[in-house]
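Working notes for the structure below.
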Amino acid sequence: EVVMTQSPATLSVSPGERATLYCRTSQSVSSNLAWYQQKPGQAPRLLIYGASTRATGFPDRFSGSGFGTEFTLTISSLQSEDFAVYYCQQYNYWPPWTFGQGTKVEIK
Amino acid sequence: EVHLLESGGGLVQPGGSLRLSCAASGFSFRSYAMTWVRQAPGKGLEWVSGINSYGDTYYTESVKGRFTIARDSPKNTLFLQLNSLRAEDTAIYYCAKNFGDDFYYYYLDVWGRGTTVTVSS
Numbered sequence: 276e277v278v279m280t281q282s283p284a285t286l287s288v289s290p291g292e293r294a295t296l297y298c299r300t301s302q303s304v305s306s307n308l309a310w311y312q313q314k315p316g317q318a319p320r321l322l323i324y325g326a327s328t329r330a331t332g333f334p335d336r337f338s339g340s341g342f343g344t345e346f347t348l349t350i351s352s353l354q355s356e357d358f359a360v361y362y363c364q365q366y367n368y369w370p371p372w373t374f375g376q377g378t379k380v381e382i383k
Numbered sequence: 004e005v006h007l008l009e010s011g012g013g014l015v016q017p018g019g020s021l022r023l024s025c026a027a028s029g030f031s032f033r034s035y036a037m038t039w040v041r042q043a044p045g046k047g048l049e050w051v052s053g054i055n056s057y058g059d060t061y062y063t064e065s066v067k068g069r070f071t072i073a074r075d076s077p078k079n080t081l082f083l084q085l086n087s088l089r090a091e092d093t094a095i096y097y098c099a100k101n102f103g104d105d106f107y108y109y110y111l112d113v114w115g116r117g118t119t120v121t122v123s124s
């Protein structure tokens with residue numbers, strides 16, 4: 276099983292600031308990594324796939340990068356609607372398909 | 004518009020059973036793999052089970068032999084049969100559409116709102 280480690284667990288950021296979230300995998304997953312955004316009381320929503328391709332509906336202030344075992348999600352200028360929990364998920368090895376434990380982005 | 008609507012959750016005693024359903028609309032259901040993901044209260048996401056467009060299935064280890072995923076393509080419906088339920092199965096169960104028809108490129112591009120399963124005496 277590929278173990279996913281996200282850091283930090285909580286990120287406190289002021290609106291307009293940059294946020295950088297990290298996801299590390301226990302073995303190389305190539306670029307087979309997705310990011311999801313989950314707001315309180317809502318279902319997750321696909322944000323990034325293929326490590327760097329933005330899903331439909333998300334603005335370009337969201338960007339993903341990385342390959343192998345180290346991945347980054349960057350939100351260039353946080354807006355109020357971006358405060359949420361973000362999960363990474365690998366799809367290179369299965370089963371199981373595995374998620375990280377999440378990073379909560381909160382208002383500073 | 005692509006839409007997934009789960010139903011069938013509820014309160015059940017340990018050892019009991021439930022059948023979750025997920026009604027799909029707005030896309031060619033038969034052509035895509037489908038997935039169940041759960042989220043325990045206050046916890047993260049956990050992949051539970053997946054089925055490809057050909058009917059092949061996978062399960063996370065903790066539910067093998069207890070849960071069964073199935074699809075009725077003519078009725079555009081995904082199912083998850085939950086048997087021998089345990090307290091640790093308590094969670095919101097989400098139905099999700101996969102990007103592709105098989106287990107490759109296994110990311111989830113559409114999610115339902117979830118149905119809550121509570122296992123308690």
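Keeping their order, the protein sequence lines are chains L and U. By the count of my numbering, the first sequence reaches residue 383 at its end, each step adding exactly one. By the count of my numbering, the second sequence reaches residue 124 at its end, each step adding exactly one. We put the beta carbon where it would ideally sit given N, CA and C, even for glycine. Small disclaimer: the values here were computed from a predicted structure and weren't measured.
For residue 40 of chain U, the closest C-alpha among the options U/34, U/121, U/114 is that of U/114. Not a single CB atom of chain L sits nearer than 8 Å to the CB of residue 85 of chain U. By the Cβ-count criterion, residue 52 of chain U is buried, with 16 or more other Cβ atoms from all chains shown falling within 10 Å of its own Cβ. Nearest to residue 315 of chain L by alpha-carbon distance, out of L/282, L/351, L/360, L/355, is L/360.
For residue 32 of chain U, same chain residues with a beta-carbon under 7 Å away, outside a window of 5 residues either side, are 76, 79 in chain order. Residue 82 of chain U is outside the set of residues whose beta carbon lies under 8 Å from a beta carbon in chain L.
With the criterion set as a beta carbon lying under 9 Å from some beta carbon of chain L, the members of the stretch 88-115 of chain U are 95, 97, 99, 102, 106, 107, 108, 109, 110, 111, 112, 113, 114, 115, in sequence order. The CB of residue 49 of chain U comes closer than 8 Å to the CB of 374 in chain L, given here in chain order.
Of all C-beta pairs linking the stretch 291-301 of chain L to the stretch 63-72 of chain U, fewer than three are shorter than 8 Å, placing the two stretches out of contact. Contacts with chain L at 8 Å (Cβ-Cβ) include residue 61 of chain U. For the pair residue 106 of chain U and residue 381 of chain L, the Cα-to-Cα distance works out to about 34 Å. For residue 117 of chain U, the residues of chain L that pass the 8 Å Cβ criterion are 318, in the order they occur in the chain.
Counting the other CB atoms within 10 Å of its CB gives residue 92 of chain U a total of 16 or more, which places it among the buried residues. Membership of residue 112 of chain U in the beta strand (DSSP E) is indicated by the continuous run 111-114.
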